[in-house]
Every structure is written in structure tokens, then in C-alpha cells.
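Single-structure report; data block below.
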Amino acid sequence: MSLIPGRVREAAERLTAFPAYLYDLAALDEHAAAVRQAMGETELYYAVKANPDPELLRVLRPHVDGFEVSSGGEFAHVRGLFPDARLALGGPGKTDEELRLAAGAHRVHVESPAELRRLLGLGRPAEVLLRLNLDLEVAGAALAMSGPFGMDADAVAECRPLFAGQVRFRGVHAHLASGLEAPQLLGLAAELAGQHPKEVNLGGGMAVDYAAPDSRFDWAAYGAGLAALRRPGQTLRVEPGRALTAYCGYYVTRVLDVKRTRGELYAILQGGTHHLRTPVTKGHDQPFTVLPGRDRPDGPEEPVTLVGQLCTPKDVFARRVPASVRTGDVVVFAMAGAYAWNISHHDFLMHPWPAFHHLFG
Ligand SMILES: *Cc1c(COP(=O)(O)O)cnc(C)c1O
Numbered sequence: 106m107s108l109i110p111g112r113v114r115e116a117a118e119r120l121t122a123f124p125a126y127l128y129d130l131a132a133l134d135e136h137a138a139a140v141r142q143a144m145g146e147t148e149l150y151y152a153v154k155a156n157p158d159p160e161l162l163r164v165l166r167p168h169v170d171g172f173e174v175s176s177g178g179e180f181a182h183v184r185g186l187f188p189d190a191r192l193a194l195g196g197p198g199k200t201d202e203e204l205r206l207a208a209g210a211h212r213v214h215v216e217s218p219a220e221l222r223r224l225l226g227l228g229r230p231a232e233v234l235l236r237l238n239l240d241l242e243v244a245g246a247a248l249a250m251s252g253p254f255g256m257d258a259d260a261v262a263e264c265r266p267l268f269a270g271q272v273r274f275r276g277v278h279a280h281l282a283s284g285l286e287a288p289q290l291l292g293l294a295a296e297l298a299g300q301h302p303k304e305v306n307l308g309g310g311m312a313v314d315y316a317a318p319d320s321r322f323d324w325a326a327y328g329a330g331l332a333a334l335r336r337p338g339q340t341l342r343v344e345p346g347r348a349l350t351a352y353c354g355y356y357v358t359r360v361l362d363v364k365r366t367r368g369e370l371y372a373i374l375q376g377g378t379h380h381l382r383t384p385v386t387k388g389h390d391q392p393f394t395v396l397p398g399r400d401r402p403d404g405p406e407e408p409v410t411l412v413g414q415l416c417t418p419k420d421v422f423a424r425r426v427p428a429s430v431r432t433g434d435v436v437v438f439a440m441a442g443a444y445a446w447n448i449s450h451h452d453f454l455m456h457p458w459p460a461f462h463h464l465f466g
């Protein structure tokens with residue numbers, strides 16, 4: 106596997122302390138520029154919850170029209186970095202304190218009639234998108250966002266006459282699922298853009314395939330499709346998270362022990378899924394490359410299970426993947442730039458946290 110660019114490999118080889126996260130900011134810059142170009146007139150927001158690292162946000166800033174924040178914490182974080190950035194405030198359960206922030210946001214995504222009533226009760230201005238809970242089949246989606254998110258048609262109908270004064274209805278928001286390909290997203294877009302002439306936020310959820318690290322969501326097809334759907338004067342917006350930042354992150358660590366137990370070969374790595382929980386939550390093998398230690402003989406590849414230092418059988422990065430792994434080798438996990446460090450249970454077992462290195466090119 107040649108999963109990693111030269112500058113990432115060189116940086117990994119220079120590391121003296123493990124584990125570490127490496128962020129390839131030059132690659133992120135290039136990727137975000139390409140996405141921006143493909144999106145054309147469609148507004149591009151970044152969903153901050155995928156990875157709120159300030160250096161990543163600074164790289165994304167010139168390529169995006171704004172940021173989608175899902176809590177008061179994310180709101181304060183991004184506001185602190187970029188006082189002038191447009192923010193869209195979402196999240197399934199907002200406190201009154203969070204709803205007050207709507208006055209300083211470009212948009213607030215309202216999740217229920219009761220939430221809209223509370224917003225109105227605050228007596229502050231707000232530009233509202235109603236979040237829809239759509240009755241659509243999403244075949245092949247990794248994670249469907251039905252359940253508690255957004256509103257069905259009855260709840261939307263209940264909201265519409267409530268708008269008054271400084272709280273204005275702007276349009277609708279729909280974040281359907283995660284792991285969607287361009288044709289599926291365009292199906293959703295066609296339906297919504299036809300019904301809501303002013304403004305539609307089509308959400309994120311663009312597919313990221315961890316089994317195919319070189320493949321990318323078809324941004325060109327999605328952008329062209331949206332351009333064809335858009336009506337004069339209509340605002341279409343997307344807010345991807347994972348598909349923007351997943352590819353720029355690497356979790357780098359080293360092999361502490363290699364052993365065979367009941368016939369299975371295991372490599373025990375420093376660190377674990379308390380730093381990189383993504384493969385556990387998504388149920389995949391995290392793609393990786395082994396950088397062999399100096400002076401060690403070449404060995405044949407054989408199926409090996411890569412685990413971390415946690416005292417739980419769930420602490421697995423990859424299962425029975427063919428590789429040649431020895432104690433002292435460095436292992437570089439790719440696709441660790443989104444829903445990785447920031448969704449992990451960092452303090453379980455009280456191992457030290459990784460270092461973070463940002464590669465500027
Ligand atoms: C998480 C989330 C996103 C981003 O989803 P990705 O799968 O990371 O692209 C966008 N919008 C909303 C409302 C979300 O909850």
C-alpha cells in the first residue's frame with residue numbers, strides 16, 4: 106500500500122515521540138480548493154464537529170462560505186478564531202443560552218415547533234432554516250439521520266404560522282444520512298429545491314470509503330447537478346464534514362509487541378482507539394502503512410490484527426490485514442482527519458495524549 110504522500114512519510118520517519126497525529130495541511134488546502142471549485146455557486150460550509158482543530162479551520166477558511174456549528178462550544182470556538190465568519194447554528198437539543206447565540210449566527214437550524222417557540226420567546230433576531238426529517242429511502246447510507254432529528258411535515262406546518270417580528274423563515278435544512286454518493290444526494294436536492302424556492306441547506310454526509318483510501322466523493326458531478334437544479338435567486342448550500350477533512354489526518358505510532366495467540370497474529374501498538382476511535386465506531390479496518398524499523402529483515406506478509414494498549418477487546422484498529430509487522434516498526438494510519446481524535450475517549454486508562462504536528466507543505 107502506498108497510502109501516504111512523501112512529506113507525511115518523511116515526517117513520520119522523523120518522529121521521536123509516539124503516538125502522534127500528523128495533519129497534512131497542504132493536502133487539505135488543495136482538496137478544499139478543488140471542492141470549492143466543483144461547488145460553483147452552491148455555498149459550502151464546513152461541519153466543524155468533524156474536526157475543530159484550529160489549524161485545519163484556518164486552512165479551510167478561505168475555501169468555505171461559512172461553518173456549521175452544532176453547540177455553543179463550537180460556536181464560541183469558531184467565533185474566537187474568525188470574528189467575521191458566517192456561522193450556521195444547529196444541533197438536536199439547544200439550551201436557551203445556545204438559542205440566544207442565534208442572533209449572532211447567519212442561520213439557525215430549528216429542530217422542533219417547541220424550539221421555535223422558545224426562540225421567539227427570547228425576543229432576539231434569528232434567521233431560521235427548519236430542519237426536515239424526510240421520509241426518504243436512503244439505500245446504502247452508513248448512518249441514517251432519521252429518529253429525533255428535524256421535523257416531519259406536520260411539525261413543519263405547525264411552525265410556519267409562528268414566524269413573527271425579527272425571527273424570520275429563510276428556508277429548509279436536511280442532513281439526510283452519512284455515506285451518500287452524488288446521485289443519492291442529487292435525488293434529495295431535486296426534491297427539496299423544487300419545493301423550497303428561497304433557500305435549501307442540503308447537509309453533509311458525502312461518502313468516504315475507508316476501504317478505498319484513494320477514492321473520493323464525486324464533487325464535480327454533485328456540483329454540476331446542483332448547478333442544473335438551482336433556480337434564479339435560490340440559495341443552495343452544503344455542509345460536509347468528513348469528506349473535507351478525513352483524508353488529511355494520520356495517526357502515527359509504533360509497534361510495542363508482536364505475538365501469536367491461539368494461532369492469531371497480533372501487533373500491540375502504543376496508543377489505541379482512545380486516540381483513534383473511528384474504526385470502532387464505523388466498524389472498519391483503518392487503512393495503514395508500515396514503515397519498517399531500521400536493520401530489520403524483510404518478512405512475508407501475513408494476516409495481522411492491530412490493537413492498542415487498552416484493556417478491552419474492542420481496542421482494534423484493523424483485523425487480519427496482510428502485512429509484515431515487527432516490534433519497533435512505525436505504523437501510519439491514514440484517513441484519521443475526521444471523527445478521529447475529537448470523538449475518542451482520551452482519558453480511558455490515563456495514557457498520555459498524542460502530540461499534534463501540522464505539515465504546511
Ligand atoms: C454531522 C453533520 C454534518 C456533517 O456530516 P458529514 O457526514 O461529516 O459530512 C452536516 N450537517 C449536520 C446537521 C450534521 O449533523
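Position 192 of the sequence shown, counting from 1, maps to 297 under my numbering, and the rest follow consecutively. Ideal Cβ positions, reconstructed from N, Cα and C, are used throughout, including at glycine.
Within this structure, are the beta carbons of R191 and H211 separated by less than 7 Å?
To locate residue 191, count along the sequence shown from 1; it is residue 86. To locate residue 211, count along the sequence shown from 1; it is residue 106. Yes, the pair counts as a contact, with Cβ atoms nearer than the cut-off.
Determine contact between the segment 408-419 and the segment 343-351, defined as no fewer than three beta-carbon pairs at a distance below 8 Å.
no
Which full runs of the beta strand (DSSP E) of 3+ residues lie inside the segment 147-235, going along the chain?
148-152, 171-174, 192-194 and 212-215
Is S449 near ligand 1, in the sense that its beta carbon is under 6 Å from a heavy atom of that ligand?
Translated into positions along the sequence shown, residue 449 becomes position 344. No, ligand 1 has no heavy atom inside 6 Å of this Cβ.
On the three-state DSSP scale, how would you describe H462?
If you number the sequence shown from 1, residue 462 lands on position 357. H462 falls in the strand class under three-state DSSP.
Name the one or two DSSP bridge partners that N306 has.
Translated into positions along the sequence shown, residue 306 becomes position 201. The partner list for N306 (beta bridge, DSSP) reads H278 and R342.
Is it the case that the Cβ atoms of S302 and Q271 are separated by a distance below 7 Å?
The sequence position of residue 302 within the sequence shown is 197, counting from 1. The sequence position of residue 271 within the sequence shown is 166, counting from 1. The question names Ser, yet the displayed sequence has Pro at residue 302. No, they are not a contact pair.
Could you give the DSSP three-state label for M440: helix, strand or coil?
The residue labelled residue 440 in the question sits at position 335 within the sequence shown. It is coil, neither helix nor strand.
Beta-carbon proximity list for C353, same chain, < 6 Å, skipping 5 on both sides:
Here the question's residue 353 lines up with position 248 in the sequence shown. Result list for C353: Y128, D129, A132, L133 and G442, in chain order.
Could you give the first and the last residue of the continuous alpha helix (DSSP H) run that contains A295?
Counting from one through the sequence shown, the residue named residue 295 turns up at place 190. Element bounds for A295: A287 to Q300.
Counting only the same chain and skipping the five closest in sequence on each side, list residues whose C-beta sits under 6 Å from that of S175.
Counting from one through the sequence shown, the residue named residue 175 turns up at place 70. Only K154, G195 and G196 meet the Cβ criterion.
I want to check one thing, is the minimum distance from the CB of A210 to the heavy atoms of ligand 1 below 6 Å?
Position 105 of the sequence shown, counting from 1, holds the residue named residue 210. A210: no, Cβ never under 6 Å from ligand 1.
Hey, quick one: how far does the alpha helix (DSSP H) through K387 stretch, first residue to last?
Position 282 of the sequence shown, counted from the first residue, corresponds to residue 387. Counting along the chain, the alpha helix (DSSP H) containing K387 begins and ends at T383 to K387.
Could you name the residues of the same chain whose beta carbon sits closer than 8 Å to that of T147, not counting the 5 residues immediately before and after it, in chain order?
Position 42 of the sequence shown, counting from 1, holds the residue named residue 147. These residues qualify, in order along the chain: G328, L331, A332, R335, L341, R342 and V343.
Using a Cβ-Cβ cutoff of less than 6 Å, which residues in the same chain neighbour D240 once the five nearest sequence positions on both sides are dropped?
In the sequence shown, residue 240 corresponds to position 135, counting from 1. Contacts found: none.
Any 3 or more C-beta pairs closer than 8 Å across the segment 317-328 and the segment 355-368
no
Helix, strand or coil for R359, going by three-state DSSP, please let me know.
Here residue 359 corresponds to residue number 254 of the sequence shown, with the count starting at 1. Correct three-state label for R359: strand.
Using DSSP with H/G/I as helix, E/B as strand and the rest coil, what is M106?
In the sequence shown, residue 106 corresponds to position 1, counting from 1. Low per-residue confidence applies at M106: pLDDT is 42, beneath 50, and the placement is therefore not dependable, though the value from the model is reported in the following sentence. Three-state result, M106: coil.
With a threshold of 6 Å on Cβ separation, who are the neighbours of D257 within its own chain once the five nearest residues in sequence on each side are excluded?
Mapped onto the sequence shown, residue 257 falls at position 152. The residues are N238.
Do G276 and E304 have their C-beta atoms closer together than 7 Å?
In the sequence shown, residue 276 corresponds to position 171, counting from 1. In the sequence shown, residue 304 corresponds to position 199, counting from 1. Contact: yes.
Alpha-carbon to alpha-carbon, V360 and L186
For the purposes of this step, residue 186 is taken as the residue at position 81 of the sequence shown. For the purposes of this step, residue 360 is taken as the residue at position 255 of the sequence shown. Distance between the alpha carbons of L186 and V360: 37 Å.
Determine whether the beta carbon atoms of P457 and F422 lie at a separation below 7 Å.
The count along the sequence shown starts at 1 and reaches residue 457 at position 352. The count along the sequence shown starts at 1 and reaches residue 422 at position 317. No, the pair does not count as a contact, with Cβ atoms beyond the cut-off.
Host alpha helix (DSSP H) of L349 (start-end)
The residue given as residue 349 occupies position 244 in the sequence shown. Unbroken alpha helix (DSSP H) run through L349: R347 to T350.
Pull up the distance between the alpha-carbon of G111 and that of A122, whole angstroms please.
The residue given as residue 111 occupies position 6 in the sequence shown. The residue given as residue 122 occupies position 17 in the sequence shown. Those two C-alpha atoms are separated by around 20 Å.
Beta bridge counterpart(s) of V395 as assigned by DSSP
Against the sequence shown, residue 395 aligns to sequence position 290. Answer is V436, bridged to V395.
Which residues does DSSP pair with R273 in a beta bridge?
Here residue 273 corresponds to residue number 168 of the sequence shown, with the count starting at 1. Looking at the DSSP assignment, R273 forms a beta bridge with E232.
I need the boundaries of the alpha helix (DSSP H) containing V412, first residue and last residue.
Indexing the sequence shown from 1 puts residue 412 at position 307. Where V412 is concerned, there is no enclosing alpha helix (DSSP H), although the beta strand (DSSP E) it sits in stretches over E407 to V412.
In whole angstroms, what separates the C-alpha of E203 from that of L227?
Stepping through the sequence shown from its first residue, residue 203 is reached at position 98. Stepping through the sequence shown from its first residue, residue 227 is reached at position 122. Spanning the two alpha carbons is a distance of roughly 11 Å.
Just to confirm, does E344 get its C-beta within under 6 Å of one of the non-hydrogen atoms of ligand 1?
On the sequence shown, residue 344 is found 239 positions in, with the first residue counted as 1. Yes; taking the cut-off as 6 Å, the Cβ of E344 has a heavy atom of ligand 1 nearer than that.
Is G178 a contact residue of ligand 1, with contact defined as CB to any heavy atom under 6 Å?
Reading the sequence shown from its first residue, position 73 is the one you call residue 178. G178: no, Cβ never under 6 Å from ligand 1.
Y327 lies in the alpha helix (DSSP H); which residues open and close that run?
By 1-based counting over the sequence shown, the position of residue 327 is 222. It spans W324 to L334 - the alpha helix (DSSP H) in which Y327 sits, taken as one unbroken run.
Just verifying my parser: in three-state terms, what is the DSSP assignment at L130?
Taking the first residue of the sequence shown as position 1, residue 130 is located at position 25. Note: L130 maps to helix in three-state DSSP.
DSSP-derived helix/strand/coil call for L267
Taking the first residue of the sequence shown as position 1, residue 267 is located at position 162. Three-state result, L267: helix.
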